[in-house]
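Under our numbering, the first residue of the sequence shown carries the number 17, and numbering increases by one thereafter.
Every residue gets a Cβ at the ideal spot worked out from N, C-alpha and C, and that includes glycine.
Take a look at the structure set out below.
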Amino acid sequence: ATSDPFDEDCLYLNIWTPHTLLPSTSTGYPVMLWMHGGGLQEGSSTQIIYDGLSWRNAAILANKSFILVSINYRLNVFGFFAQSALIDDNGQTIANRTFSDQLMAMKWIQDNIGYFGGDKNKVTLAGQSRGSQSVCIHIISPLSVDLFHPAILESGFCDATSYMHDK
17 ATSDPFDEDC LYLNIWTPHT LLPSTSTGYP VMLWMHGGGL QEGSSTQIIY
67 DGLSWRNAAI LANKSFILVS INYRLNVFGF FAQSALIDDN GQTIANRTFS
117 DQLMAMKWIQ DNIGYFGGDK NKVTLAGQSR GSQSVCIHII SPLSVDLFHP
167 AILESGFCDA TSYMHDK
């Protein structure tokens, strides 16, 4: 359990950009979209271990600047509430708000990252622990096609079957 506040009002994202502007001939900085861990039960992109400022500064020092976007999404019962009224005509659950929230953030990045100097064609999806499991689900989801290209899975495994079936 966590002592951090838990609130359904969570659909925010954080964007860290390099200090320097790119030349006008550039298509933009590469982008890394970060999904936090926490067992899909708790966690937040604002936790100190996910502070994008330190990641950005390390990238600048290595002359490998990129834009970091970290997102929040509904978790626990707010993200996975299920009941028979939330089943479509094909018998599939329609109540997986966690992955819908992540998908919405990925689409927002495609539509808006250019305003922050990012290249929407160079989005890397990355996650840690259960965040990496979310990344895995987006790798195999037809809904996520063309929203990102490479993916990084840290300390997680790519076994998405438990989230692909109605429980």
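- Membership of Gln-108 in any beta strand (DSSP E) is not indicated, and neither H nor E is assigned to it by DSSP.
- Around the CB of Ile-125, 16 or more other CB atoms lie within 10 Å, so the residue is classed as buried.
- Note on Gly-134: 16 or more other CB atoms within 10 angstroms of its CB, so buried under the neighbour-count rule.
- For Phe-164, the CB contacts under 6 Å within the same chain, skipping 5 residues up- and downstream, are Val-139, Leu-141 in chain order.
- Between Gly-130 and Lys-123, the CB-CB gap reaches or exceeds 8 Å.
- With contacts defined as CB atoms closer than 8 Å, Arg-113 and Arg-146 fail to qualify as a contacting pair.
- Counting C-beta atoms within 10 angstroms of its own C-beta, Tyr-45 has 16 or more neighbours from the protein chains shown and is therefore classed as buried.
- Rounded to whole angstroms, Gln-118 and Pro-39 show a C-alpha spacing of 31 Å.
- A distance below 8 Å separates the beta carbons of Ser-86 and Asn-30.
- A residue is called buried once 16 or more other Cβ atoms fall within 10 Å of its Cβ, and Cys-152 is buried on that count.
- In the three-state reduction of the DSSP assignment, Ser-81 falls in the coil class, being assigned neither a helical nor a strand state.
- With 16 or more other CB atoms across the displayed protein chains lying within 10 angstroms of its CB, Ser-160 is buried.
- Ile-155 and Ile-168 have their C-alpha atoms some 10 Å from each other.
- Between Lys-80 and Pro-34, the alpha-carbon positions lie close to 10 Å from each other.
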